[in-house]
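J.: Please see the structure below; I have some questions.
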Amino acid sequence: MSLLAFCEWLAATEGSIALHESMYMYPIVESTHVLALMLFVGFATLLDLRLLGLTLKRVPVSQVAERLLPWTIAGFVVMVVTGVLLFYAIPIRTYQSIFFRAKVIFLILAGLNVWLFHSRIFTRIAEWDHDIITPRAARRAGLASLVLWGAIIVAGRMIAYNWFDCDIQPQPAFVNWAAGCVVPTVTP
0 MSLLAFCEWL AATEGSIALH ESMYMYPIVE STHVLALMLF VGFATLLDLR LLGLTLKRVP
60 VSQVAERLLP WTIAGFVVMV VTGVLLFYAI PIRTYQSIFF RAKVIFLILA GLNVWLFHSR
120 IFTRIAEWDH DIITPRAARR AGLASLVLWG AIIVAGRMIA YNWFDCDIQP QPAFVNWAAG
180 CVVPTVTP
């Protein structure tokens, strides 16, 4: 089964239809997603700015992380759950969105950045915890996080627009390919 076929099946389920057509539940899920995003990105940004040496310079990085990470993780969990529900509500259009696909790529890169930071850089925090200027690798991880989450937010916001919907044809072949559009071939 292809991903598009799975999305078509998902879109036809009772729960997907009910969520998409709900007058109250879909806006509540969407608003909760945005609020959780604010919580997550807000606290992640504070940690990233500390890694860059731009804020909280006199506070050890370990203390900043210890205080912010539980809230950051809570925001992330709620953001993922509500994000999955948003996809569930409109799976075909979302799957075929160039912006959704870009968002997924940025999310994967952000996840790799977090993994590299916590598995390699943060494990040696005792060496640089109190430094105002953190090691270059920590600064790079903080900057990458800021850039990637900015890109994720922009791409996520752009999903709502139908600039490149598969239903709007003709459009450039690259757009059809990037969005996974299945365009029927017309034979004369």
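Numbering (numbering that gives the first Met the number 0), first residue to last: 0 to 187. Yeah, the Cβ is synthetic: ideal placement off N, Cα and C, and Gly gets one too.
The alpha helix (DSSP H) with ALA159 in it runs from where to where?
T.: Counting along the chain, ALA159 falls outside any alpha helix (DSSP H), and DSSP gives it neither H nor E.
J.: Apply the 10 Å Cβ neighbour rule to LEU50 and answer buried if 16 or more other Cβ atoms are within range, or exposed otherwise.
T.: buried
J.: Do three or more CB pairs link the segment 91-101 to the segment 163-180 at distances below 8 Å?
T.: yes
J.: Can you tell me where the alpha helix (DSSP H) with THR44 in it begins and where it stops?
T.: 24-50
J.: The alpha helix (DSSP H) that contains PHE99, what's its start and end?
T.: Boundaries of the alpha helix (DSSP H) around PHE99: 97-115.
J.: Looking only at C-alpha atoms, which of SER21, PRO26, ALA43 sits nearest to LEU142?
T.: Checked all of SER21, PRO26, ALA43; the closest Cα to LEU142 is ALA43.
J.: Closest to ARG123 by C-alpha separation, out of LEU111, ASN112, ALA136, ILE131, would be which residue?
T.: ALA136
J.: Of the residues VAL80, GLY74, PRO26, which one's Cα is nearest the Cα of LEU36?
T.: GLY74
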